[in-house]
Amino acid sequence: MADVEDGRDGPRDRVPDEVASEHDPDATVLPATPVGYADPVEFRYPTVVLVVLVGTLTVLSLLAFGWVLYVAQGPDALATAFAVEETADSVTFTTNVSVLALALAFGVVGVTVLHEFVHGLAYRLLGYDVSYGVLVGMGAFYAAAFHQFQRRDHNLVVGIAPLVVVDAVLLAALFVPDSTVAFVAFVGLLFNTAGAAGDVYLVATLLGLPDDALLYDSDARHSYVFHPERRFE
Numbered sequence: 001m002a003d004v005e006d007g008r009d010g011p012r013d014r015v016p017d018e019v020a021s022e023h024d025p026d027a028t029v030l031p032a033t034p035v036g037y038a039d040p041v042e043f044r045y046p047t048v049v050l051v052v053l054v055g056t057l058t059v060l061s062l063l064a065f066g067w068v069l070y071v072a073q074g075p076d077a078l079a080t081a082f083a084v085e086e087t088a089d090s091v092t093f094t095t096n097v098s099v100l101a102l103a104l105a106f107g108v109v110g111v112t113v114l115h116e117f118v119h120g121l122a123y124r125l126l127g128y129d130v131s132y133g134v135l136v137g138m139g140a141f142y143a144a145a146f147h148q149f150q151r152r153d154h155n156l157v158v159g160i161a162p163l164v165v166v167d168a169v170l171l172a173a174l175f176v177p178d179s180t181v182a183f184v185a186f187v188g189l190l191f192n193t194a195g196a197a198g199d200v201y202l203v204a205t206l207l208g209l210p211d212d213a214l215l216y217d218s219d220a221r222h223s224y225v226f227h228p229e230r231r232f233e
C-alpha cells in the first residue's frame with residue numbers, strides 16, 4: 001500500500017494514492033471510481049433496524065449498568081434523584097428535579113459532544129481530516145472525514161471507539177463516592193450506549209465487507225461503499 005502525501009503531516013498510510021480523492025471538501029459529489037473497484041453502492045441506515053437496536057441497547061444497558069450502579073452505590077443508588085416515603089396510610093414519591101435536569105442535560109448534550117469528539121479523535125489519529133457539524137433538521141451532531149477514501153479497518157476503529165472509550169470512563173464514574181455523580185454517569189451510559197445504535201449497525205456491516213473495501217462520505221447525508229471488483233467476478 002502506497003503512502004498518501006499530505007502537505008502538513010508528511011506521508012501517511014491510508015489508501016493507495018491512485019484512489020485518493022481530489023474533490024473540494026465543500027462539494028457534494030462523488031469521485032471517479034478508483035481503478036480496481038466497482039461503482040459505489042450507497043450506504044444507508046435502515047430506520048426499522050435502528051429503532052430495534054436503540055430499544056435493545058436501552059434495555060440491555062438499563063439492566064447491565066443498573067446492576068453495576070447497585071453494586072457500586074448500594075441499595076440507595078437512586079436516592080439522589082428519587083425518594084419514596086411511606087407512612088401509615090400513604091406512600092409519597094418525590095423526585096429531585098435539579099439532579100434529573102443535570103443528568104438529562106449531560107446525557108443529551110454532554111455525552112453527544114463526547115461521543116462525536118471521540119469519533120473525530122479516532123479519525124485524526126488515523127490520519128484523516130475531520131469535519132464537525134450539526135444536522136439542524138435532525139438535531140444531530142456529527143464528526144466525519146468528508147471527501148476522503150476511508151479504509152474498512154479504519155472505520156471499524158472509528159465506529160466502535162465512542163462506545164468503548166466513553167462507556168469505560170462513565171463506568172468508572174459509577175464507583176465515585178458521590179451518588180449524584182454516579183447517577184449522572186449512569187444516565188450518560190444509557191444515552192451513549194443507546195445512541196451508538198448507528199455505530200453498531202455500521203460495524204456489523206463493515207465486518208461483512210471485503211478487507212480492502214473503501215468508504216466515502218460525500219456529505220453529512222450521503223455515504224458510499226466501493227467494493228473491489230473481484231467481489232463481482
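Note that the sequence shown covers residues 1 to 233 in the UniProt record's numbering.
Glycine is no exception: its CB is placed at the ideal position from the N, C-alpha and C atoms.
A quick note: this is a predicted structure, and the numbers were derived from the prediction, not measured.
Which of helix, strand or coil DSSP assigns to residue i
i	result
Gly127	coil
Val91	strand
Val19	Confidence in Val19 is poor, its pLDDT being 46 and thus under 50, which makes the residue's placement unreliable; the coordinate value appears in the next sentence. Correct three-state label for Val19: helix.
Pro40	coil
Ala83	strand
Val51	helix
Pro34	coil
Leu135	strand
Val176	coil
Asp167	helix
Glu153	In the sequence under discussion, the amino acid at residue 153 is Asp, which differs from the Glu named in the question. If DSSP states are grouped into helix, strand and coil, Asp153 belongs with the helices.
Boundaries (first-last residue) of the alpha helix (DSSP H) holding residue i
i	result
Asp76	Careful: Asp76 lies outside any alpha helix (DSSP H) and carries neither H nor E.
Leu149	Correcting the residue type first, residue 149 is Phe in the shown sequence and not Leu. That residue, Phe149, is in no alpha helix (DSSP H); it is neither H nor E in DSSP.
Val194	The sequence as given places Ala at residue 194; Val does not occur at that position. Residues 179 to 194.
Leu215	Segment 214 to 219 is the beta strand (DSSP E) holding Leu215; no alpha helix (DSSP H) there.
Val200	197 to 207
Val97	97 to 105
CB-CB length for residue i against residue j, believed under 8 angstroms
i	j	result
Ala122	Ala161	4 angstroms
Phe65	Leu190	7 angstroms
Arg152	Leu206	6 angstroms
Residue i: first and last residue of the uninterrupted beta strand (DSSP E) it sits in
i	result
Ala143	140 to 144
Phe226	222 to 226
is_contact[residue i, chain B] using C-beta, thresh 8 angstroms
i	result
Ala81	No chain B is part of this structure, which consists of one protein chain only.
> Taking three-plus beta-carbon pairs below 8 angstroms as touching, is the region 211 to 218 in contact with the region 94 to 113?
Replying inline: no
> For the 8 angstroms Cβ check, are there 3 or more pairs between the region 120 to 136 and the region 147 to 164?
Replying inline: yes
>> Across the region 174 to 184 and the region 77 to 89, are there enough close Cβ pairs to call them in contact, namely three or more that are closer than 8 angstroms?
In response: yes
> Is there contact between the region 90 to 102 and the region 191 to 201, where contact requires at least three CB pairs shorter than 8 angstroms?
Replying inline: no
>> Taking contact to mean 3 or more Cβ pairs, one atom from each stretch, closer than 8 angstroms, check whether the region 36 to 43 and the region 223 to 232 are in contact.
In response: yes
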